[in-house]
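Undergrad: Sequence lines, in order, name chains U and L. For what it's worth, this note's numbering labels the leading residue of the first sequence as 57, then goes sequentially. For what it's worth, this note's numbering labels the leading residue of the second sequence as 1221, then goes sequentially. Okay, handing you the structure first.
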Amino acid sequence: MSGYILEMNSITKEFPGVKALSDVNIKVEKGEIHCLIGENGAGKSTLMKVLSGVYPFGTYQGDIIFEDEVQQFNEINDSVKVGIGIIYQELALFPDLTVYENIFAGNEITKGPFVDWNETIVQATRMLKKVKLNVTPETLIKDLGIGKQQLVEIAKALSKDVKLLILDEPTAALNENDSENLLELLKELKNQGISCIMISHKLKEVISIADKATVLRDGKTICTLDAKKGEITESIIIKNMVGREIEDIYPKRLDKKVGETVLKLTDWSAYDVQLGRKVAKNVNLEVKKGEIIGIAGLMGSGRTELALSIFGNPKNYKLQGELEVHGEKKSFKHTSDAIKAGIAYVTEDRKGDGLFLIQDIKSNVSAAHMKGISKKGILNLNEEVKVGTDYKKSLNIKASSLEQVVGKLSGGNQQKVSLGKWLFTGPKILILDEPTRGIDVGAKFEIYTIMNALIKEGLSIIMISSELGEIMGMSDRVYVMAEGAIKGELAIEETTQETIMELATQ
Amino acid sequence: MNLFTEAKSIVKANIRDYGMYIALIVIMLTFTIRTDGLFISSRNISNLLDSAGYIAVLAVGMTLVIVIRHIDLSVGFVAGFLGAVAAIFMTQLGFSMWITIPVILLLGILVGCFNGFLIAQLGIPSFVATLAGMLIFRGALLNVTEDTGTIIINNDQFNAIGNGFIPSLMLVNGLHLLSLLVGVAAIILYVYSEISTRKNKMIYGFDVMSSGVFLMKLVLVSAVIAYITWILAGYNGFSWTMVIMLMVVVIYHFLTTKTVLGRNIYAVGSNPEAAHLSGINVKRITYIVFGSMGMLAALSGLLFTSRLQSATTTAGTLFELDAIAAAYVGGVSAAGGVGRVTGAIIGAVVMASLSSGMNLLGTGISYQYMIRGGVLAVAVIFDVMTRRQRA
Chain U
57 MSGYILEMNS ITKEFPGVKA LSDVNIKVEK GEIHCLIGEN GAGKSTLMKV
107 LSGVYPFGTY QGDIIFEDEV QQFNEINDSV KVGIGIIYQE LALFPDLTVY
157 ENIFAGNEIT KGPFVDWNET IVQATRMLKK VKLNVTPETL IKDLGIGKQQ
207 LVEIAKALSK DVKLLILDEP TAALNENDSE NLLELLKELK NQGISCIMIS
257 HKLKEVISIA DKATVLRDGK TICTLDAKKG EITESIIIKN MVGREIEDIY
307 PKRLDKKVGE TVLKLTDWSA YDVQLGRKVA KNVNLEVKKG EIIGIAGLMG
357 SGRTELALSI FGNPKNYKLQ GELEVHGEKK SFKHTSDAIK AGIAYVTEDR
407 KGDGLFLIQD IKSNVSAAHM KGISKKGILN LNEEVKVGTD YKKSLNIKAS
457 SLEQVVGKLS GGNQQKVSLG KWLFTGPKIL ILDEPTRGID VGAKFEIYTI
507 MNALIKEGLS IIMISSELGE IMGMSDRVYV MAEGAIKGEL AIEETTQETI
557 MELATQ
Chain L
1221 MNLFTEAKSI VKANIRDYGM YIALIVIMLT FTIRTDGLFI SSRNISNLLD
1271 SAGYIAVLAV GMTLVIVIRH IDLSVGFVAG FLGAVAAIFM TQLGFSMWIT
1321 IPVILLLGIL VGCFNGFLIA QLGIPSFVAT LAGMLIFRGA LLNVTEDTGT
1371 IIINNDQFNA IGNGFIPSLM LVNGLHLLSL LVGVAAIILY VYSEISTRKN
1421 KMIYGFDVMS SGVFLMKLVL VSAVIAYITW ILAGYNGFSW TMVIMLMVVV
1471 IYHFLTTKTV LGRNIYAVGS NPEAAHLSGI NVKRITYIVF GSMGMLAALS
1521 GLLFTSRLQS ATTTAGTLFE LDAIAAAYVG GVSAAGGVGR VTGAIIGAVV
1571 MASLSSGMNL LGTGISYQYM IRGGVLAVAV IFDVMTRRQR A
């Protein structure tokens, strides 16, 4: 017996064009809480998906050893059978079913061919006690707060005799009280011998709860820290998380000319009616001509929501405060108004809400600026081809022809099409949301070069990014956001990755 | 590249679009052979196209509705009801046909916009909203025809829409002159537009198909138009229904392929979120598409009423499903964003050809339904397969 409940040795996982994990090692002892830390995109979630069988055996290299046996999971059920339970950030509960139905969903207690509902309720009550959730099993999931839903998920995992519980940022959506409860529960489960892997961005949590912590960066294991040796401290973790130098992947801008203010937010708030909370809180922000503003922060810190609230408010937030564009007060009724005012928004999710994947390159490029290829509502299809050709050339979009369907392009080329579409609208202020997510280093460099060229032409760029290197390498000024609020504004000279991380994890 | 390989590669690249034409030709040839030429006779083709008219115009509108990822089940009884209203206007209220037709079309637009309101503004799923409409208009149709039963229309002018033909001017060797002229005009218009498009492309310096293949295409399409014209001119010439159908296709084809509005419709269909973020007013597009559907439903009702020369209590029954079938045979995709107006017309003609051919052969009605169902399934399977290959 090795004393380890789980060993993952030399795990390597490749996606077309990207190495998501290379040679990752992690060892979890029985009855320990092991935290997995790293920047967005470091490979934490991918690693957990390998472990739980979402990526089946054979699609990765390396060994998974669970309870001293080499495991080959072909699907999620295989990992559940040996006692691995995973709880994702987005909860997988059925909101219109009761607590007891949810706990035993897919794992029904049966008597002959029928579900034994009485026994189910008895067992569910037992599980609820275990996770210290004080509700009746007949409660509907949608009537529970997010913190209690989280506990139901854990109860569901416990009902399957879980030995290793994996939690992917369990407290990201929870308030302080619920977070504390959850962490207490994890400690208790640990005392009952249940091991736990927790992915977290909140360093204070990690410090308070972790026995060990493994840091991932760029798909590699950087180190494993041990609480007993006093290694789990904020400064050591941050140093290992960001570690890398900013290499020469960010082209330099030589002549910086900053002009007048082009966009200004004063006490800007956005209230999401559906979520029932503010997604942007009292934001004050200023963008000048010829500037790249970096907006840093972790996922879910409200950066995209802020951008959308400026860009014609497509999600119908309730807005407060003042938006000034080129010195004029604006209130946009529709995205088309924002486009008219010279704002463009390149989405972070180019496949979801950026591109028309079944359409070809030229139709995508012209989609947001039909006026540019039409007269009185009648299209000039030849002009469209010309425009498409121009952007294909100037942005170096690699495709067999303009008629190529965008869904078939690589991520980098899709991103360039997305960029081309917005440049064609002739914007003065360009909002780039995660401009280089999921694209390779070469394409990244090209996009940075394009950004610099645009700045030279007098545009202003607001760049939202989770990559600290990108923020440091490209911005002139940095705002750090957390929980919908601007936690700090930093001049690029005084910005270090550590200061950003500190503000972002507040 | 020689002529043949170039033509082959063009057909291969557009297999979904050309496949439909090929299928239509195969169906027509089969029936022609099986009926010893009766199928392709002037009289039969003329009847066939006339009987396809009221479904074809619905299929055009339905194609756009499906393109933006919705469905409209109400169109059948909207057509039936508005047809009955038209009959009441003309027989009981004594309105002339020239007032009745625009008023009915306007009413159709209103009904469509109300559907648009339910779907775009209130967010009700289109299936449910228009199912409710279907029931309501079925009731409304029964209600207005309750006292009188079938309403007979004695207005010859109006009845000519569904039964009459354009004047012949004079007969040349037994062929109708005006119809021949219309055919010639169509060919000239087609050749002219193709040549000017090609010229324009060359001015911009784009690749165009080689002059040999281009000529082949011109000759082929012109020959088809000429042949159809010749067949029809030998009977009674073009009917008013065909003229109306043709106008609807030409206008909608232009709208969908050559205008900003058309482009926005396809954008909304292929990704509504991206369309919204691109500054396209998705609600407005939904209103317009359903409004146009309502107008075409009214037109369909007018055509059908005129064809029967009366409004009946069951007019419009299952029109919506025939139109949906025609749209799918015509290549519209349920996933949204894909589908052509010309395809919808071909789909409607395919379905009408099947009915007509099987009637001539004396196929039992039970087999007719099964075969039409089979063709619909095969068309969609073919569609899914060719799409998968490309994706």
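Glycine included, each C-beta is placed from N, C-alpha and C at the ideal position.
(1) Is U/I302 close to chain L, meaning its C-beta is less than 8 angstroms from at least one C-beta of that chain?
(2) Would the region 408-420 of chain U and the region 1480-1497 of chain L be scored as touching if the rule is three or more Cβ pairs under 8 angstroms?
(3) Terminal residues of the continuous alpha helix (DSSP H) containing U/T280?
(4) Name the DSSP bridge partner or partners of U/I434?
(5) What span of residues does the alpha helix (DSSP H) with L/I1230 cover, start to end?
(6) Within the same chain, show all residues whose beta-carbon is closer than 6 angstroms to that of L/I1260, passing over the 5 residues directly before and after it, in chain order.
(7) Determine contact between the region 1275-1284 of chain L and the region 1525-1534 of chain L, defined as no fewer than three beta-carbon pairs at a distance below 8 angstroms.
(8) Assuming U/Y144 is part of the beta strand (DSSP E), what are its boundary residues?
(9) In chain L, which residues lie with their C-beta within 8 angstroms of the C-beta of U/F388?
(10) Over what stretch of residues does the alpha helix (DSSP H) that includes U/K137 continue unbroken?
(11) Under the rule that 16 or more other beta-carbon atoms within 10 Å means buried, what is U/S456, buried or exposed?
(12) Name the two residues that bound the continuous alpha helix (DSSP H) containing U/R333.
(13) Hey, could you find the ends of the beta strand (DSSP E) U/E70 is sitting in?
(14) Spatial neighbours of U/T68 within its chain, please: C-beta separation below 8 angstroms, excluding the five flanking residues on both sides.
(15) For U/P370, go through chain L and note every residue whose CB falls closer than 9 angstroms to its CB, in chain order.
(16) Using DSSP with H/G/I as helix, E/B as strand and the rest coil, what is U/M254?
(17) Please compile the residues from chain L whose C-beta is within a distance smaller than 8 angstroms of the C-beta of U/Q415.
(18) Verify the CB distance criterion: does U/M426 have a CB-CB separation below 8 angstroms to chain L?
(19) Name the residues in the region 517-543 of chain U whose C-beta lies less than 9 angstroms from a C-beta of chain L; which are they?
(20) Going along the chain, which residues of the region 1409-1433 of chain L sit with their C-beta nearer than 7 angstroms to a C-beta in chain U?
(21) What runs of the alpha helix (DSSP H), each 4 residues or longer, lie entirely inside the region 1347-1418 of chain L?
(22) Could you list which residues in chain U have their beta carbon closer than 8 angstroms to that of L/K1232, in chain order?
(23) Verify the CB distance criterion: does U/V441 have a CB-CB separation below 8 angstroms to chain L?
(24) Using the rule of at least 16 other Cβ atoms within 10 Å of the residue's Cβ for burial, across every protein chain shown, is L/A1233 buried or exposed?
(25) Quick check on the burial criterion: 16 or more other C-beta atoms within 10 angstroms. Buried or exposed for U/V536?
(26) Please tell me whether U/N174 has its Cβ less than 8 angstroms away from any Cβ of chain L.
(27) Let me know if U/M31 comes out buried or exposed under the rule of 16 or more other beta-carbons within 10 Å of its beta-carbon.
(28) Specify, as a first and last residue, the run of the beta strand (DSSP E) that U/D224 falls within.
(29) Please report how far the alpha carbon of U/I517 lies from the alpha carbon of U/L510, in whole angstroms.
(30) Give me the Cβ distance between L/L1398 and L/I1407, rounded to the nearest whole Å; I'm assuming they're in contact under 8 angstroms.
(31) Is it buried or exposed, L/S1553, if we count other Cβ atoms within 10 angstroms and call 16 or more buried?
(32) Report yes if the C-beta distance between U/K186 and U/A211 is below 8 angstroms; otherwise report no.
(33) Rounded to a whole number of angstroms, what is the C-alpha to C-alpha distance between U/E523 and U/E95?
(34) Report the three-state DSSP secondary structure of U/H425 (helix, strand or coil).
(35) Using only the alpha-carbon positions, how far apart do U/L92 and U/L437 sit?
(36) Whole angstroms is fine: what's the gap from U/I302's alpha carbon to U/I434's?
TA: Here's the rundown:
(1) Note that U/I302 scores a pLDDT of 47, beneath 50, so its modelled location is shaky and nothing firm can be said.
(2) yes
(3) It is not in any alpha helix (DSSP H) - U/T280 instead sits in the beta strand (DSSP E) that spans K276 to D282.
(4) Bridge partners of U/I434: U/K431 and L/T1479.
(5) Where L/I1230 is concerned, the enclosing alpha helix (DSSP H) stretches over L1223 to A1233.
(6) T1252
(7) no
(8) Looking at the DSSP string, U/Y144 is not in any beta strand (DSSP E), and its letter there is neither H nor E.
(9) What U/F388 touches in chain L: nothing, since even the nearest Cβ is about 10 angstroms away.
(10) According to the DSSP assignment, U/K137 belongs to the alpha helix (DSSP H) that extends over I132 to V138.
(11) Classification for U/S456: exposed.
(12) Not the alpha helix (DSSP H): U/R333 falls in the beta strand (DSSP E), residues R333 to K344.
(13) Y60 to F71
(14) K75, L77, S78, D79, V80, Y116, Q117 and G118
(15) E1493, H1496 and L1497
(16) For U/M254, the three-state secondary structure derived from DSSP is strand.
(17) Y1486, A1487, S1490 and G1557
(18) yes
(19) Per Cβ criterion, the list is empty.
(20) N1420, K1421, Y1424 and F1426
(21) Assignment of alpha helix (DSSP H) within the region 1347-1418 of chain L, counting only whole runs of 4 or more residues, yields 1376-1383 in chain order.
(22) Ordered by position in chain U, no residue passes the 8 angstroms Cβ test against L/K1232, which lies about 14 angstroms from the chain.
(23) yes
(24) exposed
(25) buried
(26) no
(27) Given a span of 57 to 562 for chain U in the structure shown, any question on residue 31 of chain U remains unanswerable.
(28) L220 to D224
(29) 9 angstroms
(30) Their Cβ separation, rounded to whole angstroms, is 15 angstroms, which puts L/L1398 and L/I1407 out of contact at 8 angstroms.
(31) Per the 10 Å Cβ criterion, buried.
(32) yes
(33) Cα to Cα, the separation comes out at about 8 angstroms.
(34) coil
(35) 53 angstroms
(36) With a pLDDT of only 47 at U/I302, under 50, the local geometry of the prediction cannot be trusted, and the value read off the model is given with reservation. If I take the Cα positions, the gap works out to 49 angstroms.
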